[in-house]
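Here's the structure, in structure tokens; my notes come after.
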Ligand code: FE2
């Protein structure tokens, strides 16, 4: 077993600096900002409220699995700002597709135990200066559930992530504590089912400040979060989630792909 596999199994995450070049990071930022510029942000009705279930009934969110859609920050006053784009950038936007179809990622997730990788969802998270909100502690497997759990999050810092601008924070070893909740779809709605009422411990969280170009790999059961961006600098990041086709994808996950747009592996050509 490789050292990084041992580390991933022990901690539930890996920090791999220097994964993406400055040019690759800048290319994704430019592509994302182009999409935002082409979006009528003021017309977007949906507020993506990561803290509650405000989006649970919203088709804009629930049907975004195979699309590229913008979601707004939950800021009651002031101009509307985009919180994120999701959730099929890796399929629909050439720059993201090229970035995501990296044989190094294929090899990495296989090394970490994914037998048949499938690219499930992608997001560009903006965390704009002073408006980018917090993301409360959660496990990605709550949203992207397979039996057994297989989802791995690949989180790329496109800019330096710092303590001030809302870098990731992880709870090392929490991937061994079981799944705390599931976000389940019921037709046009979705709701959170609590499986374990215990709150996450207050102590033991590790902030992960990283330079631009760093890849942070997150086990699907690892508790992680990020604070609001209180700095004058943006903290844009790209997140790609991969599951194992040899597991059972939950029929009541919020994200459902239409039959004509099946999930693909890393190297399947367009
Ligand atoms: Fe997450």
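Residue numbers (the numbering used here): 20 to 289.
Note that CB positions come from ideal geometry on N, CA and C, so glycine has one too.
Exercise. Report the three-state DSSP secondary structure of residue 145 (helix, strand or coil).
Key: Position 126 of the chain shown holds residue 145. DSSP places residue 145 in coil when its eight states are reduced to three.
At a cut-off of 8 Å, would you count residue 237 as near the ligand FE2, judging by its Cβ distance to the nearest heavy atom? For this step, residue 237 is matched to residue 218 along the chain shown. Indeed, a heavy atom of the ligand FE2 lies less than 8 Å from the Cβ.
Worksheet item: With burial defined as no fewer than 16 other Cβ atoms inside 10 Å of the residue's Cβ, what is the status of residue 207: buried or exposed?
Response: Here residue 207 corresponds to residue number 188 of the chain shown, with the count starting at 1. Classification for residue 207: exposed.
Can you give me the C-alpha to C-alpha distance between residue 280 and residue 86, rounded to a whole angstrom? For this step, residue 280 is matched to residue 261 along the chain shown. For this step, residue 86 is matched to residue 67 along the chain shown. Between residue 280 and residue 86, the C-alpha separation is close to 10 Å.
Q: Check residue 245 in the structure and name its three-state DSSP category.
A: Translated into positions along the chain shown, residue 245 becomes position 226. Looking at residue 245 - three-state DSSP - the assignment turns out to be strand.
Determine the contact status of residue 83 and residue 154, defining contact as a CB-CB distance below 9 Å. In the chain shown, residue 83 corresponds to position 64, counting from 1. In the chain shown, residue 154 corresponds to position 135, counting from 1. The Cβ-Cβ distance between residue 83 and residue 154 does not fall below 9 Å.
How far does the alpha helix (DSSP H) with residue 22 in it reach, from first residue to last? On the chain shown, residue 22 is found 3 positions in, with the first residue counted as 1. Residue 22 -> alpha helix (DSSP H) spans 22 to 30.
For residue 39 and residue 71, the rounded distance between their alpha carbons
Your numbering for residue 71 matches position 52 in the chain shown. Your numbering for residue 39 matches position 20 in the chain shown. The pLDDT assigned to residue 71 is 49, lower than 50, so where the model puts this residue is not dependable, and the model offers no usable value.
For the ligand FE2, any of its heavy atoms closer than 8 Å to the Cβ of residue 134?
-> Position 115 of the chain shown, counted from the start, is the residue given in the question as residue 134. No.
Please classify residue 61 as buried or exposed, where buried requires at least 16 neighbouring CB atoms within 10 angstroms. Locating residue 61 in the chain shown gives position 42, where the first residue counts as 1. Under this definition residue 61 is an exposed residue.
Problem - Whole-angstrom distance between residue 36 and residue 151, CA atom to CA atom - result: If you number the chain shown from 1, residue 151 lands on position 132. If you number the chain shown from 1, residue 36 lands on position 17. Rounded to whole angstroms, residue 151 and residue 36 show a C-alpha spacing of 24 Å.
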